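Trainee:
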Amino acid sequence: MKKTIILALVAALVVAAPVSAAGLDIGGSIETKIKVNKQGEDLTVVPGSELSLNLGLSAAEDKVRAGLEFGLAKKTENEDLMPTGITLGDIALKQAFIEADGAFWHGGPEATTRFGTLDIDYSPYASLSKRSGISVSGIDVELAELNGFYALQGEHGHVLGMRGDLYVLDEVALGASVIKDAEITRLQMDADAAPIEGLRIRGAVAADHTDDSGLKMNNMWTVQAGYELAENTVVSAGYKHITDGFVPRYVAEQSEEGDAEHDWIHLDRAKNSGLFVGFETEQQGVELHADYDQMFAEAKLGAGTEYEGFRFDVETVLDVPAVSGIAAKSTTFGVGREFDIMEGLAIDASYEGKWTGGDVRKLVHTVGAKTTLGIIPAIDGLELSAEVSASELSLDSVGYKVGAKFAAPNGVNLGIEHARSTGTTFNAGMKVEF
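Now the structure itself:
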């Protein structure tokens with residue numbers, strides 16, 4: 003069935019292309035790279051390549067859109083340096099969809115209908131992506147907006163979902179979602195309000211109903227409030243709870259930066275519930291922050307500023323299992339500055355110290371420097387870096403790393419790095435985007 007849907011999407015794109023050539027958008031990239039590592043007598047060579055192709059079509063003043071994204075299927079071994087000898091079995095269709103804006107009947111409400119790869123983002127706790135199906139979104143019915151989707155058979159069977167958002171009061175947003183598969187029914191609600199200037203209150207709850215759960219459903223909920231006491235001064239407080247059996251299914255993936263509101267779901271926690279408070283301010287050029295999270299039994303205190311071109315930062319992480327048992331987990335402090343040596347040559351120097359508590363108490367000092375050369379025309383843009391670290395007055399504790407990166411005029415990206423712990427690593431590659 004999946005192959006039939008894919009073929010239908012491709013056929014529709016092919017038919018639509020001549021009609022809407024002005025709305026044809028083709029893009030993609032070809033990348034190849036090689037990594038060579040030598041550590042002692044061991045030599046490791048790892049080649050790799052990547053191919054991607056994106057095809058987009060639009061028609062009827064962009065009310066009808068379609069998209070295809072192709073790429074090489076992942077290989078676990080015997081990768082070539084260049085993607086040669088490719089067969090249809092090596093090509094993976096990563097995404098394919100057709101969507102249109104418009105009503106389902108004359109005079110009806112507008113909606114966006116999609117066939118193909120879904121991208122459901124009802125809330126951080128009610129999400130689904132990289133699944134084939136059908137979705138209808140943005141149905142405006144007076145004071146509410148309705149959305150719904152159906153996803154084809156997957157690991158947990160077929161998936162049905164819907165969401166409604168109410169806009170009854172100004173500065174108040176209310177929403178509820180339901181997602182059902184063969185095992186659970188996820189019930190999710192969230193609210194966001196700004197009752198007075200400077201105050202924002204948010205909350206979310208999700209519960210999973212099963213055939214055996216009854217009213218004792220695995221659930222999670224969180225509520226928080228933030229208030230701007232003064233200019234550049236914000237305080238926040240909240241509470242969150244999660245049961246042992248609540249699974250992160252239909253929760254958005256953890257963000258790379260680690261600062262998304264749902265990231266706590268994916269982390270190992272010390273407790274199943276707890277309050278959290280935070281404070282941020284900037285006074286006379288000094289940034290201060292303090293946070294406490296009872297669920298993770300952890301507190302953070304930090305400060306940062308710039309003075310006469312120097313950057314200063316310090317942060318301490320405390321283990322807080324109980325009020326009477328506070329202990330320092332780690333403290334990181336550092337200073338850095340960029341020095342202009344001469345025209346076309348500046349060095350960014352830095353020092354960082356990190357103290358780690360617990361059973362193994364250790365203070366690691368790291369001194370580093372990096373620069374981008376602009377004084378030698380032949381290697382203009384060459385990046386050089388060096389770093390030395392040590393935890394005690396012993397050669398065994400000393401670590402070092404030096405490296406260089408260069409984007410050659412012919413488009414080849416070159417890099418080399420030598421570290422005491424990992425040996426020498428050479429990288430080379432090219433990437434063409436179109």
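For the sequence shown, the numbering used here begins at 3 and goes up steadily by one.
Just so you know, even glycine gets a beta-carbon here, dropped at the ideal spot from N, CA and C.
Since we're looking at a predicted model, the values are computed, not measured.
1) Can you tell me whether W107 is helix, strand or coil according to DSSP?
2) Is DSSP giving I267 helix, strand or coil here?
3) Go through the stretch 389-415 residue by residue and report every complete run of the alpha helix (DSSP H) that reaches 4 residues or more, in order.
4) Look at A68 and I100 and say whether their C-beta atoms are less than 8 Å apart.
5) Helix, strand or coil for P379 per DSSP?
6) Where do the N-terminal and C-terminal ends of the beta strand (DSSP E) with A330 fall, by residue?
7) Buried or exposed for V414, please, with buried defined as at least 16 other CB atoms from any protein chain shown within 10 angstroms of its CB.
8) At the level of alpha carbons, what is the spacing between D246 and F278?
9) Going by CA-CA distance only, name the one from L130, A184, D172 that's closest to H158.
10) Quick check: the Cα distance between E289 and A330, rounded to an integer number of angstroms?
11) Tell me the DSSP secondary structure of G2 in three-state form.
12) How long is the line joining the alpha carbons of F428 and E419, rounded to whole angstroms?
13) Could you give the DSSP three-state label for G25: helix, strand or coil?
14) Going straight from the alpha carbon of G163 to that of E263, what length do you get?
15) Express the C-alpha separation of I244 and K273 in angstroms, rounding to a whole number.
16) Give the secondary structure of S257 by DSSP, where H, G and I count as helix, E and B as strand, and everything else as coil.
17) Assuming F312 and R271 make a contact with CB atoms under 8 Å, what is their CB distance in whole Å?
18) Taking the C-alpha atoms as reference points, what is the distance between P111 and G30?
19) How far does the beta strand (DSSP E) with A227 in it reach, from first residue to last?
20) If contact is defined by three or more beta carbon pairs under 8 Å, each pair taking one atom from either stretch, is the stretch 138-152 in contact with the stretch 217-236?
21) If I measure Cβ to Cβ from R363 and keep anything under 8 Å in the same chain, skipping five residues before and after, which residues do I get?
22) Using a Cβ-Cβ cut-off of 8 Å (strictly less than) and excluding sequence neighbours within five positions of T187, which residues of its own chain qualify?
23) Can you confirm whether the stretch 300-315 touches the stretch 251-258 when touching is taken to mean that 3 or more C-beta pairs between the two stretches lie within less than 8 Å?
24) Report buried or exposed for T224, applying the criterion of at least 16 other Cβ atoms within 10 angstroms of its Cβ.
25) S326 by DSSP, collapsed to three states: which one?
26) Rounded to whole angstroms, what is the Cα-Cα separation between L395 and G401?
27) Using the DSSP secondary-structure output, state which residues sit across from D361 in a beta bridge.
28) Count the other C-beta atoms from every protein chain shown that fall within 10 angstroms of the C-beta of T424, then say buried if there are 16 or more, exposed otherwise.
29) Could you pull the start and end residues of the beta strand (DSSP E) that G287 belongs to?
30) Going by Cα to Cα distance, which pick from P250, N234, D214, G359 is closest to L130?
31) Measuring straight from C-alpha to C-alpha, what distance separates D194 and G287?
Mentor: This is what the structure holds:
1) coil
2) helix
3) none
4) yes
5) helix
6) 329-344
7) exposed
8) 19 Å
9) A184
10) 21 Å
11) Since the first residue shown for the chain is 3 and the last is 436, residue 2 is missing from the structure and cannot be characterised.
12) 7 Å
13) helix
14) 22 Å
15) 9 Å
16) coil
17) Rounded, the Cβ-Cβ distance is 37 Å, inconsistent with contact.
18) 36 Å
19) 220-232
20) no
21) W357
22) V180, I181, D210, H211, T212
23) no
24) buried
25) helix
26) 12 Å
27) In the DSSP output, where bridge partners are listed per residue, D361 has none listed.
28) exposed
29) Note, G287: premise wrong, no beta strand (DSSP E); not H, not E.
30) P250
31) 32 Å
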